[in-house]
Amino acid sequence: MSKKQIEERIALLYMALQFCSEKTKTFTAGERICINQERFQWMHIMENESALPRPVSPAIENKIKNISKLAYLHGFRPYYEDPFKELIDIV
């Protein structure tokens, strides 16, 4: 994945977590952990290209896709910006 694709994936995962927190409690605690693990692994990959991704399961990915569609339809913007965005911009 290119740096831009990785940044977009990190942003999507953050948005999905925020949508769940602010609107629809879609993910279980365990699913949220898995999503955060993927997010932080992508950040790690941006610093160490030999690191391997840790994608979420297909079931969680389907939930993320559904949330993405809902967020788009409702013009959702997270109340809080990603606290790790500055780290992404530095790398």
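Residue numbers (the working numbering): 79 to 169. All C-beta atoms in this analysis are idealised placements derived from N, C-alpha and C, irrespective of residue type, glycine included. The model shown is predicted, which means the values in this text are computed figures rather than measured ones.
Shown here, Ser80 sits in coil according to DSSP, grouped into three states, outside any helix or strand.
In the DSSP assignment, Phe105 falls outside any alpha helix (DSSP H) and carries neither an H nor an E.
Counting of Cβ neighbours within 10 angstroms places Glu116 among the buried residues, the total reaching 16 or more. Ser135: not part of any alpha helix (DSSP H); DSSP gives it neither H nor E.
In the three-state reduction of the DSSP assignment, Ala129 falls in the coil class, being assigned neither a helical nor a strand state.
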